[in-house]
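Asker: Quick one: structure below, then a few questions.
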Amino acid sequence: DIQMTQSPSSLSASVGDRISISCRASQSITNYLNWYQQKPGRAPKLLIYAASTLQNGVPSRFSGSGSGTEFNLTISSLHPEDFATYLCQQSYSPPRTFGQGTMVQIK
Amino acid sequence: QVQLQESGPGLVKPSGTLSLTCGVSGASVFSSNWWSWVRQPPGKGLEWIGEIYHSGSSTYNPSLQSRVTILVDKSRNQFSLKLTSVTAADTAVYYCARSNEFWEVVVGATHYALDVWGQGITVTVSS
Numbered sequence: 050d051i052q053m054t055q056s057p058s059s060l061s062a063s064v065g066d067r068i069s070i071s072c073r074a075s076q077s078i079t080n081y082l083n084w085y086q087q088k089p090g091r092a093p094k095l096l097i098y099a100a101s102t103l104q105n106g107v108p109s110r111f112s113g114s115g116s117g118t119e120f121n122l123t124i125s126s127l128h129p130e131d132f133a134t135y136l137c138q139q140s141y142s143p144p145r146t147f148g149q150g151t152m153v154q155i156k
Numbered sequence: 053q054v055q056l057q058e059s060g061p062g063l064v065k066p067s068g069t070l071s072l073t074c075g076v077s078g079a080s081v082f083s084s085n086w087w088s089w090v091r092q093p094p095g096k097g098l099e100w101i102g103e104i105y106h107s108g109s110s111t112y113n114p115s116l117q118s119r120v121t122i123l124v125d126k127s128r129n130q131f132s133l134k135l136t137s138v139t140a141a142d143t144a145v146y147y148c149a150r151s152n153e154f155w156e157v158v159v160g161a162t163h164y165a166l167d168v169w170g171q172g173i174t175v176t177v178s179s
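Next comes the structure, spelled out in structure tokens:
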């Protein structure tokens with residue numbers, strides 16, 4: 050199985066801050082990497098697929114980058130509704146494993 | 053608008069079988085998508101369980117493969133999950149989701165991502 054490791058596991062930030070979350074794959078997955086946002090008690094929401102392509106309707110303050118084994122999700126300016134848990138997932142090969150998540154909390 | 057809805061028992065006895073159904077509306081299970089199950093134990097991360105195509109072709113997480121079956125019911129436009137010999141470790145919120153096909157024009161590659169999710173159903177394994 051391909052292991053996905055996110056860092057940090059949590060971070061505290063303020064509205065308006067720029068933040069980045071890292072996701073590392075245990076082997077090359079080229080750009081077969083998705084990012085999701087999950088709020089408590091809710092299903093995850095797709096933000097980005099193919100490492101850097103924004104899903105329809107996702108605000109442009111979200112961006113994704115990377116290839117191979119190293120990937121990043123960046124939020125350019127945090128909005129109040131962005132405080133949530135973010136998860137990466139590889140779609141390169143089954144089982145399509147997820148990272149453990151990064152919780153973004155209000156400072 | 054595509055919507056998915058999980059249904060099934062919220063309580064299953066240890067060593068029993070967990071059976072869930074995902075009803076699909078606004079799309080056909082015949083479409084060029086895979087249909088997936090994902091679970092989330094209390095306070096933990098997401099675990100991919102498996103997926104099925106309308107042809108019946110399926111792929112499972114090796115950690116669950118001996119106990120899991122995913123089927124598609126074209127006549128009812130739904131798909132299902134069956135997990136046998138359950139233990140407390142199978143207690144989780146179970147989500148069904150559509151694994152949609154996205155075309156990367158520049159390199160001519162197909163990507164899959166879970167773009168529509170059900171609301172989730174909590175299943176507890178307990179006597």
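Protein sequences appear in the order of chains L and H.
For the first sequence, our numbering begins at 50 and goes up steadily by one.
For the second sequence, our numbering begins at 53 and goes up steadily by one.
For every residue, glycine included, the Cβ atom is placed at its ideal position computed from N, Cα and C.
It should be emphasised that the depicted structure is a prediction, and the values quoted were computed from it without experimental measurement.
(1) Taking just the CA atoms, how far does S110(H) sit from D142(H)?
(2) Taking any Cβ of chain H, which residues in the region 103 to 123 of chain L have a Cβ under 8 Å from it, in chain order?
(3) Can you list, in chain order, the residues of its chain whose CB lies under 8 Å from that of S58(L), leaving out five sequence neighbours each side?
(4) Taking only the alpha-carbon atoms, compute the straight-line gap between T79(L) and S142(L) and give it to the nearest angstrom.
(5) Which residue from W100(H), K126(H) and I104(H) puts its Cα closest to that of S115(H)?
(6) Do G97(H) and F147(L) count as a contact pair if the criterion is CB distance below 7 Å?
(7) In this structure, does DSSP put A161(H) in helix, strand or coil?
(8) Could you spell out where the beta strand (DSSP E) holding N83(L) opens and where it closes?
(9) State the DSSP-derived secondary structure class of D50(L), mapped to helix, strand or coil.
(10) Using CA coordinates, which residue listed in C148(H), R119(H), Y147(H) and D125(H) is at the minimum distance from S107(H)?
(11) Compare the Cα-Cα distances from L96(L) to each of P144(L), S77(L) and C137(L) and report the closest residue.
(12) Measure the C-alpha to C-alpha separation of A74(L) and T118(L) and round it to an integer number of angstroms.
(13) What does Y135(L) reach in chain H if we use C-beta pairs closer than 8 Å?
(14) Taking 7 Å as the threshold (beta carbon to beta carbon), is H106(H) in contact with chain L?
(15) Give the C-beta separation of S132(H) and L123(H) to the nearest angstrom, bearing in mind that I take them to be a contact with Cβ-Cβ under 8 Å.
(16) Exposed or buried, P108(L), counting other C-beta atoms within 10 Å across all chains shown (16 or more means buried)?
(17) Out of W89(H), S80(H) and G95(H), which one is the CA nearest neighbour of S40(H)?
(18) Tell me which same chain residues have a C-beta within less than 7 Å of the C-beta of D66(L), skipping the five on either side of it?
Answerer: The relevant details are as follows:
(1) Near 21 Å, if we compare the C-alpha coordinates of S110(H) and D142(H).
(2) Hits within the stretch, in order: Q104.
(3) Cβ within range, chain order: Q149, G150, T151 and M152.
(4) For T79(L) and S142(L), the distance between alpha carbons rounds to 11 Å.
(5) Among W100(H), K126(H) and I104(H), the Cα nearest to that of S115(H) is on W100(H).
(6) Contact: yes.
(7) Reduced to three states, the DSSP call for A161(H) is strand.
(8) First-last of the beta strand (DSSP E) with N83(L): L82 to Q87.
(9) Collapsing the DSSP output to three states places D50(L) in coil.
(10) The shortest C-alpha to C-alpha distance from S107(H) to any of C148(H), R119(H), Y147(H) and D125(H) is the one to D125(H).
(11) For L96(L), the closest of P144(L), S77(L) and C137(L) by C-alpha to C-alpha distance is C137(L).
(12) Here the alpha carbon of A74(L) sits roughly 5 Å from the alpha carbon of T118(L).
(13) Per Cβ cutoff of 8 Å: no residues; Y135(L) is ~12 Å from chain H at best.
(14) Contact of H106(H) with chain L is not assigned, every C-beta pair being separated by 7 Å or more.
(15) Going by Cβ atoms, the distance from S132(H) to L123(H) rounds to 5 Å, so yes, they are a contact pair.
(16) It is exposed - the Cβ of P108(L) has fewer than 16 other Cβ atoms within 10 Å.
(17) There is no way to answer for residue 40(H), as the model of chain H reaches only from 53 to 179.
(18) Answer for D66(L): L127, listed in chain order.
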